[in-house]
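Just below is one structure, and these are the notes that go with it.
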Amino acid sequence: MKSQLKIYNTLAREKQVFEPQVEGHVGLYVCGPTVYSDVHLGNCRTFICFDVVHRYLVYLGYKVRYVRNITDVGHLVDDQDDGEDKIAKRAKLMELEPMEVVQHYTNGFHEMMDIFNCNRPSIEPTATGHIVEQIEMVQQILDKGFAYESNGSVYFDVKKYSESYPYGELSGRILEDLRSGTRELDGQSEKKDSLDFAIWKAASEEHIMRWNSPWGEGFPGWHLECSVMSQKYLGKTFDIHGGGMDLKFPHHECEIAQSVASYGTSPVRYWMHTNMVTVNGEKMGKSNGNSIMPDELFTGNHELLTKGYSPMALRFFILQSHYSNNFDISNDALQASEKGYQRLMNAYKVLQGLAYATNGTEVSEAEEQEVQKLIEQCHERMNDDFNTAETIAVLFDMSKKINSYNEKKLPISSISQETFESLKKTFTEFVRDVLGLKEEDAGDSGLTDELIGFILEMRNASRERKDWATSDQIRDKLTELKIQVKDGKEGVSWTVG
RNA sequence: GGUCGGAUGGCCGAGCGGCUAGGCACUGGUCUGCAAAACCAGGUACACCGGUUCGAGUCCGGUUCCGACCUCCA
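So, in structure tokens, the structure goes:
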């Protein structure tokens with residue numbers, strides 16, 4: 001009766017029914033941030049989307065081991081800085097220890113994830129914490145004959161590998177096409193083939209982050225850490241590997257090659273890729289210089305924005321589109337989402353205070369079925385490749401019902417108590433546990449409640465006297481303070497924002 | 001150049017062979033001392049040209065425009 005979870009598997013290029021490798025358990029690996037600068041909104045989108053994936057798997061009852069790495073060994077920057085280690089470069093600039101830089105941005109990343117209400121992963125391994133394992137893997141790949149040493153660096157032999165295994169399957173690359181498109185890069189002369197990639201790189205004089213290895217002092221290659229750490233914590237083959245689209249090639253492709261080369265099996269059963277955040281249609285990226293930082297969104301301190309938007313409004317905004325589509329930021333869209341978010345959370349709040357009651361009205365079969373269908377749809381939509389946009393649409397349909405019950409426009413007893421409780425449970429759990437949205441209150445103690453309660457009592461007294469001038473003055477002042485007064489049939493209520 | 005993806009109403013954004021997506025904005029109504037909120041109702045759509053089909057935003061072919069990856073990137 002219940003639909004099954006389907007995931008769009010990048011490797012298969014189609015939606016597939018999700019069946020975990022081990023019944024009841026899911027191994028989930030997500031490529032984490034490179035901690036040499038503050039996370040921008042594009043990074044946040046990916047992590048928020050996978051937070052929902054994680055949350056929904058947990059909601060479905062799976063025991064999930066969620067591994068998300070921290071890349072704290074620098075990767076090569078671009079042609080402009082002679083292949084200097086990113087983290088080392090930043091460290092010199094700021095006259096700090098590399099690990100100090102790493103710690104600084106790791107802390108910032110964690111804070112941002114908390115602000116966005118993202119659950120912490122089960123394990124958050126760092127690349128620098130797994131140097132030994134990475135050296136071991138390099139050795140294994142060498143032993144299998146799929147890599148060679150050159151000037152203290154070790155390169156993966158793509159040509160050799162492609163003779164035994166397919167290379168480029170995930171991203172749909174063809175070796176010849178890749179070759180024709182290659183540019184001259186640093187270290188190209190050390191390679192046998194332009195397509196070969198470093199799995200261990202010899203450290204130059206000024207390179208601060210360096211470790212001893214059988215091939216001399218150096219640091220691990222760009223793609224190795226994920227292969228090593230996913231295998232260590234999730235096994236040689238695990239269920240889901242996620243990351244941004246831009247990692248598909250070469251990062252994920254190389255990961256597959258490394259794993260296959262060292263122990264012969266493909267590491268991942270379902271590959272998931274989130275699409276990019278764009279600004280005016282252009283990909284947001286560190287190197288594009290068009291990054292919008294979360295703080296700029298919160299404060300509104302950005303040329304694109306007329307005002308600030310709360311973290312939860314932003315989270316809601318992100319979840320209103322599907323993770324696989326690109327996602328353009330604009331002030332108008334944000335504004336629309338903010339309003340929608342407030343409407344949804346208002347219904348959430350109303351529902352929490354709503355109790356079932358029979359008032360002699362008979363249960364309507366049509367209403368009963370309609371509500372039950374909505375409940376079912378929530379699950380169906382999430383099961384359809386985590387379609388949060390559609391799920392939210394269903395939640396809005398539910399909101400209409402909830403508000404109608406609350407306003408007594410529709411008798412709550414038009415549905416059975418059982419259905420009502422089921423609606424309440426589903427709506428609450430989907431908003432709070434699956435989508436990870438939470439109410440954003442003024443954030444202080446009960447004092448505010450008490451004070452506003454008192455002020456509203458005063459206003460009611462003046463209203464009873466028909467002293468409209470005073471009552472309006474109170475309401476206007478509260479509105480000015482961003483407190484909205486709502487005169488309902490059952491008395492007065494208020495909300496912030 | 002190669003590979004892949006996209007073009008949906010005033011804005012955002014789902015859907016992808018027939019069944020109202022949804023949100024925001026707008027209009028009318030209910031409620032209210034007036035408002036707000038809430039509720040009800042309403043309109044506007046699938047880039048272009050062909051084709052397949054009883055029926056196509058939805059499938060196929062072509063055209064135009066846009067983007068991503070091929071180099072670190074979520």
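Under this note's numbering, the first sequence has 371 at position 371, and the numbering climbs by one with no breaks. Built from N, CA and C at the ideal position, the CB exists for glycine as well.
Close-in-space but distant-in-sequence residues of the same chain around residue i (CB under 8 Å, 5 per side omitted)
i, result
"ALA499", "No answer is possible for residue 499: it lies beyond the span of the chain, which begins at 1 and ends at 497."
"HIS207", "GLU84, ASP85, ALA88, PHE219"
"GLN80", "Interpretation of GLN80 is limited by its pLDDT of 41, a score under 50 that renders its predicted location unreliable; no figure is taken from the coordinates."
"MET209", "VAL73, GLY74, ASP85, ILE87, ALA88, PRO98, THR128, ALA203, PHE219"
"MET1", "Model confidence at MET1 stands at a pLDDT of 40, short of 50, so the residue's coordinates are unreliable and nothing is read from them."
"GLY300", "THR306, LYS307, GLY308, TYR309"
"PHE327", "ARG45, ASN275, MET276, VAL277, THR278, ILE318, SER321"
Proximal residues to residue i (C-beta, below 7 Å), its chain only, five neighbours per side dropped
i, result
"ASN290", "VAL279, GLU282, MET284"
"ILE474", "ILE455, MET458, ARG459"
"TYR36", "GLY74, LYS86, ILE87, ARG90, VAL101, TYR105"
"MET414", "Looking at the sequence itself, residue 414 is Ser, so the reference to Met does not match. The residues are THR361, VAL363, SER364, GLU367."
"ASN119", "ASP51, HIS54, ARG55"
"ILE48", "PHE116, CYS118, ARG315, ILE318"
"GLY235", "GLY27"
Boundaries (first-last residue) of the alpha helix (DSSP H) holding residue i
i, result
"TRP211", "No alpha helix (DSSP H) contains TRP211, which DSSP labels as neither H nor E."
"TYR59", "41-59"
"MET398", "388-406"
"LEU297", "294-299"
"PHE430", "Note, PHE430: premise wrong, no alpha helix (DSSP H); not H, not E."
"THR106", "98-115"
"ILE135", "131-143"
"ASP332", "331-352"
"TYR233", "224-234"
Span of the beta strand (DSSP E), counted from its first residue to its last, around residue i
i, result
"ARG13", "Unbroken run through ARG13: none, as it is neither H nor E."
"ASP239", "238-244"
"ASN9", "6-9"
"ALA147", "147-150"
"ILE318", "Note, ILE318: premise wrong, no beta strand (DSSP E); alpha helix (DSSP H) at 311-319."
"TYR155", "153-156"
"MET272", "268-274"
Residues near residue i in its chain [Cβ-Cβ closer than 6 Å; skip 5 each side]
i, result
"ILE115", "PRO311"
"VAL17", "GLN4, LYS6"
"ASP78", "Below a pLDDT of 50, predicted positions are generally treated as unreliable, and ASP78, at 37, falls in that range; no measurement from the model is reported."
"LYS486", "SER493"
"PHE420", "TYR356"
"SER259", "SER227, PRO267"
Candidates the options: closest to residue i by CA position
i, options, result
"ILE452", "LEU305, GLY108, LEU478, HIS302", "LEU478"
"LEU28", "SER493, MET245, ILE240, GLY172", "ILE240"
"VAL434", "ASP51, GLU169, LEU5", "ASP51"
"SER287", "GLY42, GLU19, SER3, VAL22", "GLY42"
"LYS159", "SER194, GLU217, ASN331", "SER194"
"THR388", "ASN325, ASP487, LEU305", "ASN325"
"GLU133", "SER213, THR299, TYR105, SER189", "SER213"
"PHE427", "SER330, ASN331, LEU395", "LEU395"
"SER162", "CYS226, ILE135, ASP196, ASP143", "ASP196"
"ILE412", "LYS307, LYS144, THR34, VAL371", "VAL371"
"GLU149", "ARG179, LYS191, HIS130, MET113", "LYS191"
"LEU60", "GLY491, LYS424, THR470, GLU380", "GLU380"
For residue j and residue i, believed in contact at Cβ under 8 Å, the rounded distance
i, j, result
"VAL39", "PHE109", "5 Å"
"GLN320", "ILE402", "Not a contact, Cβ separation roughly 19 Å."
"HIS223", "HIS251", "5 Å"
"ARG65", "SER122", "5 Å"
"LEU410", "SER416", "Actually they are not in contact, since the Cβ atoms of LEU410 and SER416 sit about 14 Å apart, beyond 8 Å."
"LEU247", "CYS31", "6 Å"
"ARG173", "GLU253", "7 Å"
"ASN69", "PRO125", "5 Å"
"LEU175", "TYR167", "7 Å"
"VAL67", "TYR233", "5 Å"
"LYS400", "LYS489", "That belief does not hold up - the Cβ atoms of LYS400 and LYS489 are roughly 18 Å apart, past 8 Å."
"TYR245", "ASN275", "First, the amino acid is wrong: residue 245 is Met here, not Tyr. The Cβ separation is near 5 Å, so the contact holds."
"LEU170", "TRP271", "6 Å"
"TRP211", "GLU217", "7 Å"
Bridge partner(s) assigned by DSSP for residue i
i, result
"ARG463", "Answer is none; ARG463 lacks a bridge partner."
"SER218", "Note on identity: in this sequence residue 218 is Gly, with Ser being the wrong assignment. Paired residue(s): ALA202, TRP211."
"GLN484", "THR495"
"SER162", "For SER162, which the question treats as bridged, DSSP gives no partner whatsoever."
"THR361", "Looking at the DSSP assignment, THR361 forms no beta bridge with any residue, so it has no partner."
"THR71", "THR34"
"LEU28", "TYR66, ILE240"
"LYS283", "THR278"
"THR470", "Bridge partners of THR470: none, in fact."
"PHE498", "Outside the shown range of the chain (1 to 497) lies residue 498, about which nothing can therefore be said."
"PHE197", "PHE156"
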